[in-house]
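Some notes on the structure that comes next.
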Amino acid sequence: MKRAVWALLLLAGSVAQAQTPDWATQVAELDARLAAVDAAGNAADAALERLEAQQTLAALPKTRARERLDAYEVAEALVRRAEFALKSAELEAQLLALDRERDGILLEASRRDAELARKEAERMRLLALAREEEEALAAADAAIEDAAVQEAQARELADAEAKDAELARLEEELAAQAAAKGDVLASRSVAGKPAYRLSASAFQPGKAVLMPEAKQLLQQLARKLKAGGKAWSIEGHTDNLGNEDGNLALSLQRAEAVRAVLRAAGIPAGKLGVKGWGSAKPLAANTGKNGRAQNRRIEILPK
Numbered sequence: 002m003k004r005a006v007w008a009l010l011l012l013a014g015s016v017a018q019a020q021t022p023d024w025a026t027q028v029a030e031l032d033a034r035l036a037a038v039d040a041a042g043n044a045a046d047a048a049l050e051r052l053e054a055q056q057t058l059a060a061l062p063k064t065r066a067r068e069r070l071d072a073y074e075v076a077e078a079l080v081r082r083a084e085f086a087l088k089s090a091e092l093e094a095q096l097l098a099l100d101r102e103r104d105g106i107l108l109e110a111s112r113r114d115a116e117l118a119r120k121e122a123e124r125m126r127l128l129a130l131a132r133e134e135e136e137a138l139a140a141a142d143a144a145i146e147d148a149a150v151q152e153a154q155a156r157e158l159a160d161a162e163a164k165d166a167e168l169a170r171l172e173e174e175l176a177a178q179a180a181a182k183g184d185v186l187a188s189r190s191v192a193g194k195p196a197y198r199l200s201a202s203a204f205q206p207g208k209a210v211l212m213p214e215a216k217q218l219l220q221q222l223a224r225k226l227k228a229g230g231k232a233w234s235i236e237g238h239t240d241n242l243g244n245e246d247g248n249l250a251l252s253l254q255r256a257e258a259v260r261a262v263l264r265a266a267g268i269p270a271g272k273l274g275v276k277g278w279g280s281a282k283p284l285a286a287n288t289g290k291n292g293r294a295q296n297r298r299i300e301i302l303p304k
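Position one of the sequence shown corresponds to residue 2 (the working numbering), numbered consecutively onward.
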């Protein structure tokens, strides 16, 4: 009878041992999964999750037998979280790439629209000139009527030239935005105090709408400005293309768009003033594209 009992106990122990997972194999599998995460991600991807998983895995071999199951489950959960964090980082990178591709498509569409508008303005200008010549020949014997016709044609020509100037600025801003490489926001010094300059490539061409990357840069800057506690003047500037009233309005609207981002980031409204100077304070001559590009800017100056 005792022999039968011992045989049953030995058999039960063998079955239990066969069903117990190999501890070294389980730890090696987790190590392999974490190594795959390290190999697939950049240094910054899921860095915290990977560090926690590495520390927990390093402690597993020292775990007492009765605590191994709980320790393994914690380690496996941390490895799984690191895998999920890496996948999230990959998806975010894919989303950023898609956003950039979309921006490129929108930029190309804007460029095509600008070219079509320029051609239409040129056609209208030529038509206006043709009408001017025809009407001048037909009304040579009517001085009063001729003067009225010429005045109307002069207005049309002025409008066409103003449109040409606006289109020229739009084309220049599109080109500058396409060529911009991390120089959207730059720091500078005014009378020994820190100041900042935002280029026109931070905005949608011809508009006072900030690009997403420019908003992020301004939000980062806001944290620095808020910590300093100083008051700032946000001053908008344009080149001299187009109507000066329109330039004044655009420069002020862009300055207000920058102030709105800084306020939303936590800087009190009383610390932020805005001005729109139009083309009154150029940095360079407006005779060339490079000079006009320098003049289209937002200055963030200490008060």
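We treat Cβ as the ideally placed atom computed from N, Cα and C, and that holds for glycine.
Which one of the options has the shortest CA to CA distance from residue i?
i: L218; options: L186, A270, Q95; result: L186
i: R113; options: E172, N296, E74, A144; result: E172
i: K194; options: G42, G207, E257, G229; result: G229
i: A163; options: W278, G277, E245; result: E245
i: A36; options: W24, R51, T26, D23; result: R51
i: P283; options: E102, N248, G267; result: N248
i: K304; options: G243, V191, A250; result: V191
i: T57; options: A40, V80, A47, R67; result: V80
i: A129; options: E157, L175, E77; result: E157
i: A47; options: V75, L87, A155; result: L87
i: E30; options: G42, L61, N43, E121; result: L61
i: A59; options: L99, A76, E102; result: A76
i: A203; options: A285, V259, D160; result: V259
Is residue i helix, strand or coil when you go by DSSP?
i: K164; result: helix
i: I268; result: coil
i: V185; result: coil
i: W7; result: Bear in mind that a pLDDT of 33 at W7, under 50, signals an unreliable position, so the model cannot answer this.
i: G237; result: strand
i: R275; result: According to the sequence as given, residue 275 is Val; it is not Arg. Three-state DSSP puts V275 in a strand.
i: S280; result: coil
Can you give me the C-alpha to C-alpha distance between residue i and residue j, rounded to a whole angstrom?
i: S234; j: G292; result: 23 Å
i: D177; j: R297; result: The question names Asp, yet the displayed sequence has Ala at residue 177. The straight-line gap from Cα to Cα measures roughly 11 Å.
i: A323; j: E136; result: Absent from the model: residue 323. The displayed extent of the chain is 2 to 304, so no value can be given.
i: K276; j: D104; result: 30 Å
i: N107; j: E152; result: In the sequence as presented, Asn is not what sits at residue 107; that position holds Leu. L107 and E152: Cα-Cα distance of roughly 40 Å.
i: L273; j: N241; result: 26 Å
i: A270; j: T239; result: 24 Å
i: Q295; j: V262; result: 23 Å
i: G42; j: A25; result: 26 Å
Here's the rule I'm using: 16 or more other beta-carbon atoms within 10 Å means buried, otherwise exposed. How should residue i be labelled?
i: I268; result: buried
i: S89; result: exposed
i: L168; result: buried
i: R170; result: buried
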